[in-house]
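Residue numbers (our numbering): 39 to 278.
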């Protein structure tokens, strides 16, 4: 095995562990490969919100599926004007790979790749949400260039644990989740939509908020999540 292949394998394993970890599925009892067998990979069309079943999640255009590569190609992406490009992506790919964790064929977690600008570069991660599609299970980053002890605290287990159970939208559908400046007020009715800011890292904190606003919005996964919600409702009705 060549060094490049080994690096690719390790990168893939690291990403798989982050995908599992975001959904609270990482355990020492089983290997990453074994755990990942419970994850279903699907490619979706972000413009329509439909599954792109003609595209293989393992490879896309003959290459390993890396959706960001397709954000650089005008044929497979859209340019983002500065007024809507809140995460400084410049372009957004039309197709992206998402991950579904199922038990007995029922969706238990939806894991979505997210990325956006922090202070020193792009943060790349995975957001896992519950089948109600409004409750966060976890947020895990697998690559970033943030300052150790400040913005790099996105990796701190204590901060990551604060995301569990937070709500994305209000009951009326208004987008609410964000990282605030400072600490949340325990008495505030807004606290279920808020996560403590990263101390001394205002720009990274804002970057995380913007990233979620973009990827959970109309240009991101909103159409897909709306369709998935209907699909889950139908499944639940059949299982009653």
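C-beta: ideal position from N, C-alpha, C; glycine also.
Presumed contact (8 Å Cβ cut-off) between residue i and residue j, rounded CB distance
i, j, result
"residue 217", "residue 246", "5 Å"
"residue 213", "residue 87", "The pair is not a contact, with the Cβ atoms about 17 Å apart (cut-off 8 Å)."
"residue 171", "residue 267", "5 Å"
"residue 180", "residue 52", "6 Å"
"residue 129", "residue 109", "5 Å"
"residue 161", "residue 206", "The Cβ separation is near 18 Å, so there is no contact."
Residue i, DSSP secondary structure in three states
i, result
"residue 246", "helix"
"residue 258", "coil"
"residue 78", "strand"
"residue 174", "strand"
"residue 189", "helix"
"residue 214", "coil"
"residue 97", "strand"
"residue 115", "strand"
"residue 202", "coil"
"residue 41", "helix"
"residue 84", "coil"
"residue 147", "strand"
"residue 135", "strand"
Residues near residue i in its chain [Cβ-Cβ closer than 8 Å; skip 5 each side]
i, result
"residue 221", "234, 235"
"residue 55", "64, 70"
Pair within 8 Å by beta-carbon distance, residue i and residue j
i, j, result
"residue 57", "residue 149", "yes"
"residue 152", "residue 159", "no"
"residue 138", "residue 189", "no"
"residue 165", "residue 92", "no"
"residue 239", "residue 191", "yes"
"residue 135", "residue 95", "yes"
Close Cβ partners of residue i (< 7 Å) along its chain, the five nearest in sequence each way excluded
i, result
"residue 29", "In the structure as shown, the chain begins at 39 and stops at 278. Residue 29 is therefore absent and cannot be evaluated."
"residue 252", "124, 125, 154, 258"
"residue 204", "174, 215, 230, 231, 233"
"residue 83", "90, 132, 133"
"residue 62", "175, 176"
At least three beta-carbon pairs within less than 8 Å, the stretch 176-188 to the stretch 74-81: The stretch 176-188, when compared against the stretch 74-81, does not touch it at the 8 Å Cβ threshold.
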